[in-house]
Amino acid sequence: MRLKLRSFLIVFALFLSLLFLWSCSGPVNYLDEGYRSLKNGDLNSAENYFIIIMNNSSNPIELSEASEGFGWVGLLKGMYSTAEDYFHKSLFYNHQNADAYLGLLITAWETSDWNNLIFAAQDFSKLVDESYKFQSLPQREIKWLDCMKLLAMGYFMENQIDNLKELLEQLPSDAFTENLREVIE
């Protein structure tokens, strides 16, 4: 009996030691690691981290962020259909995810899908203001003004001149906006 109790106490002490060591180092935050890998251009690692979350989480915010991250990986790999699907999946979990709308906007730009670009940009602009910056891509920063210029091009390509004129009134004057103003007048 004493031997069984002693063995149990040794195993229990080892278990507590492992539990303590694990809690000190903390579990891997796969979402942070995924976005860190994405920003560093390590798309395969980012993809793997996002897959782990999508396969194991039931938290809608985590699932939204992981699906969005997977969408960015698809976009950067030129897999536009995959990117679009995962940005939509992200919005299914969290319809307020402005970064997923940004992903849809850029995917639409890359595929010359002007109508979807307009819809994504309009939804995006309802969620953010001029201070918005997206900084999760390698060597890129996307600002609110960049997105509004893409929306302007979408309006131009879809011949929505009245919407374009209204948008140009809201944007600061620069070479891009001045050239567009000249073209439509």
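Here the sequence shown stands for residues 0 to 184, where the numbers follow numbering that gives the first Met the number 0. In this text, a Cβ means the ideal position worked out from N, Cα and C, and glycines have one as well.
Exercise for the section: For Ile117, collect the residues of the same chain with a Cβ closer than 6 Å to its Cβ; drop the 5 residues on either side in sequence, then sort them by chain order. Expected result: Gly153
Handout entry: Contacting residues, own chain, Cβ-Cβ under 6 Å from Gly33 (five flanking each side not counted)
Key = Ala45, Tyr48, Phe49, Gly68
Handout entry: Trp21 burial status per 10 Å Cβ neighbour count (16 or more: buried)
Key = A caution first: Trp21 carries a pLDDT of 48, below 50, which makes its placement in the model unreliable, though a value can still be read off. Exposed, since its Cβ has fewer than 16 Cβ neighbours within 10 Å.
Problem - Local Cβ density within 10 Å of Leu179, reported as buried at 16 or more and exposed below that - result: buried
Exercise for the section: List in chain order: all unbroken beta strand (DSSP E) runs of 3+ residues lying wholly within the region 138-168. Expected result: 139-142
Handout entry: Residue(s) in a DSSP beta bridge with Phe175
Key = Looking at the DSSP assignment, Phe175 forms no beta bridge with any residue, so it has no partner.
Handout entry: Expected contact under 8 Å - CB spacing of Phe200 and Tyr100 to nearest Å
Key = Outside the shown range of the chain (0 to 184) lies residue 200, about which nothing can therefore be said.
Handout entry: Pairwise C-alpha distance: Asp161 and Leu136
Key = 33 Å
Problem - Buried/exposed call for Asp128, threshold 16 Cβ in 10 Å - result: exposed
Practice task
Drop a sphere of 10 angstroms on the beta-carbon of Ile52, count the other beta-carbons inside from all chains shown, and report buried for 16 or more, exposed for fewer.
Solution key: buried
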